[in-house]
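Report on one structure; see the data block that follows.
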Amino acid sequence: MKTGKLDNSTLERIVLNKIKYRRDEVKVSPAVGEDCAVIDFGDYNCVMSTDPITAAVKDIGRLAINISCNDIASNGCQPLGIMLTVMLPPEITEEEIARIMDDAADEAAKVKVQIIGGHTEITPVVKAPVISATAVGRQPVNDGVYRKAAPGDYIIMTKAVGLEGSGIIASDRTEECRKFLNEDEIAEAESYLEETSVVREGVIAGKAGAGPMHDVTEGGIAGALWEITRIGGVGADVDFDRVPVRPVTKKICDHYGLNPYRLISSGCMLIIAQLEALDRLKAAFAEGSVDYTVIGRIVPEGEGVKIDPPGSDELMKALYGETDITVRRQKSS
1 MKTGKLDNST
11 LERIVLNKIK
21 YRRDEVKVSP
31 AVGEDCAVID
41 FGDYNCVMST
51 DPITAAVKDI
61 GRLAINISCN
71 DIASNGCQPL
81 GIMLTVMLPP
91 EITEEEIARI
101 MDDAADEAAK
111 VKVQIIGGHT
121 EITPVVKAPV
131 ISATAVGRQP
141 VNDGVYRKAA
151 PGDYIIMTKA
161 VGLEGSGIIA
171 SDRTEECRKF
181 LNEDEIAEAE
191 SYLEETSVVR
201 EGVIAGKAGA
211 GPMHDVTEGG
221 IAGALWEITR
231 IGGVGADVDF
241 DRVPVRPVTK
251 KICDHYGLNP
261 YRLISSGCML
271 IIAQLEALDR
281 LKAAFAEGSV
291 DYTVIGRIVP
301 EGEGVKIDPP
311 GSDELMKALY
321 GETDITVRRQ
331 KSS
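Sequential numbering from 1 applies to the sequence shown in my numbering.
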């Protein structure tokens with residue numbers, strides 16, 4: 001099978017459709033495009049998400065914190081705890097383990113989440129460090145961002161696409177990158193990994209009444225748009241020329257033949273906002289110095305941009321030589 005996440009049809013067929021038992025307390029269950037599980041705890045919802053880091057090595061500790069905390073933030077919720085399962089190859093040194101945990105601890109402090117447990121193991125089963133992170137948040141029962149996208153809503157994204165992918169490639173393929181990037185550009189790309197948290201903008205957007213939201217991870221902005229429109233049964237009229245792509249990211253994508261709109265993009269939050277929430281969101285982002293761009297509108301299903309379901313992330317092409325994908329405009333129905 002292809003490296004990377006299971007494609008959505010296979011995921012539904014052999015994973016999600018195998019879940020047989022359901023509890024009434026579970027308000028949001030596993031589904032394609034759902035970032036979090038939501039459990040009824042009375043006056044509060046328990047919001048949970050889990051994700052692995054497998055492609056990065058140098059910044060794996062920092063990214064492990066952000067990927068799961070970002071999912072919690074996509075519900076407009078501040079994460080409060082995170083558990084890390086750390087699987088390490090036998091050749092790793094104590095110094096390398098310490099650096100991973102220093103990075104994780106520093107990032108956890110930055111986003112105000114406590115590392116509350118986990119598991120650390122040396123095993124020959126892995127060839128490089130692998131971390132699976134499970135984050136949890138607590139949210140008043142009436143504060144969740146659970147509405148679906150609807151025609152007329154505005155589509156907003158924060159920061160730029162490809163930050164995580166660019167940073168991973170520059171960090172883990174540095175010698176290759178020196179063939180087409182100078183040292184300042186490599187340092188800039190590596191610094192993008194310091195921007196991979198979207199907790200602050202997710203919480204701000206939730207308080208402004210915007211939503212739904214989707215943190216842009218594997219499959220990039222195009223994959224996030226596909227998932228959020230699929231859940232809502234709607235289309236998206238997006239001007240991809242307005243989607244910010246930083247010059248260094250463009251150079252990396254051009255060299256490896258990558259589609260930046262399909263490149264893993266932690267650090268970018270996709271936000272859907274009704275008209276009445278848009279001005280509040282813009283004001284809140286201006287006050288919080290959050291970089292954002294309005295990239296389009298939600299339209300009826302079958303209209304706007306035709307986006308194929310996400311497959312293997314473009315990062316896999318740079319690391320392992322695998323990819324797929326298209327984004328094209330479809331005819332209005």
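Note that beta-carbon positions come from the ideal geometry of N, C-alpha and C, so glycine has one too.
Note that the coordinates shown come from a computational prediction; the quantities given were computed from them, not determined experimentally.
Query	Result
DSSP three-state assignment for Val199, whether helix, strand or coil	helix
Under the three-state DSSP convention, the category Tyr154 falls into	strand
Whole alpha helix (DSSP H) elements within the region 193-280, 4-residue minimum	199-207, 220-232 and 247-256
Of the residues Leu80, Leu315, Pro309 and Leu319, the one placed nearest Met7, counting alpha carbons only	In the sequence under discussion, the amino acid at residue 7 is Asp, which differs from the Met named in the question. Closest by alpha carbon: Pro309.
Chain-order list of residues whose beta-carbon lies under 6 Å from that of Glu185 (same chain, five-residue window excluded)	Val248
Simplified DSSP state of Tyr44, which is helix, strand or coil	strand
Nearest candidate by alpha-carbon position, reference Ala160, set Ala135, Glu34, Asp291 and Pro300	Asp291
Coarse secondary structure for Arg183, derived from DSSP in three states	The amino acid occupying residue 183 in the given sequence is Glu; Arg does not appear at that position. Correct three-state label for Glu183: helix.
Own chain residues within Cβ distance below 7 Å of Tyr256, not counting five before or after	Lys317 and Ala318
Selection from Leu80, Gly304 and Leu163 that minimises the alpha carbon distance to Met314	Note that residue 314 corresponds to Glu in the displayed sequence, not to Met. Of the candidates Leu80, Gly304 and Leu163, the one whose C-alpha sits nearest the C-alpha of Glu314 is Leu163.
The region 162-182 contacting the region 256-272, beta-carbon criterion three pairs below 8 Å	yes
Boundaries (first-last residue) of the beta strand (DSSP E) holding Glu303	No beta strand (DSSP E) holds Glu303; DSSP gives it neither H nor E.
Lys148 - containing alpha helix (DSSP H), residue span	Counting along the chain, Lys148 falls outside any alpha helix (DSSP H), and DSSP gives it neither H nor E.
Contact between the region 38-52 and the region 101-113 (3+ Cβ pairs under 8 Å)	no
Distance between beta carbons of Thr50 and Ser29, contact taken as under 8 Å	Not confirmed; about 14 Å, so no contact.
Thr134 versus Val141: straight-line alpha-carbon distance, rounded	21 Å
Ala187 burial status per 10 Å Cβ neighbour count (16 or more: buried)	exposed
Neighbourhood of Pro300 by C-beta, 7 Å cutoff - its chain only, sequence neighbours within 5 removed	Pro151, Val234 and Gly235
Bridge partners - Arg297, DSSP secondary structure assignment	Tyr154 and Asp237
Exposed unless 16 or more other CB atoms sit within 10 angstroms - verdict on Tyr21	exposed
Coil, strand or helix - Thr134 by DSSP	strand
Exposure of Glu334, with buried meaning 16 or more beta-carbon neighbours within 10 Å	Nothing about residue 334 can be read from this structure; the chain reaches only from 1 to 333.
Inter-residue spacing [alpha-carbon to alpha-carbon] between Val203 and Asn66	14 Å
Nearest to Lys282 (by Cα), restricted to the options Pro260, Ala208 and Thr229	Ala208
Extent of the continuous beta strand (DSSP E) run through Thr85	Pro79 to Leu88
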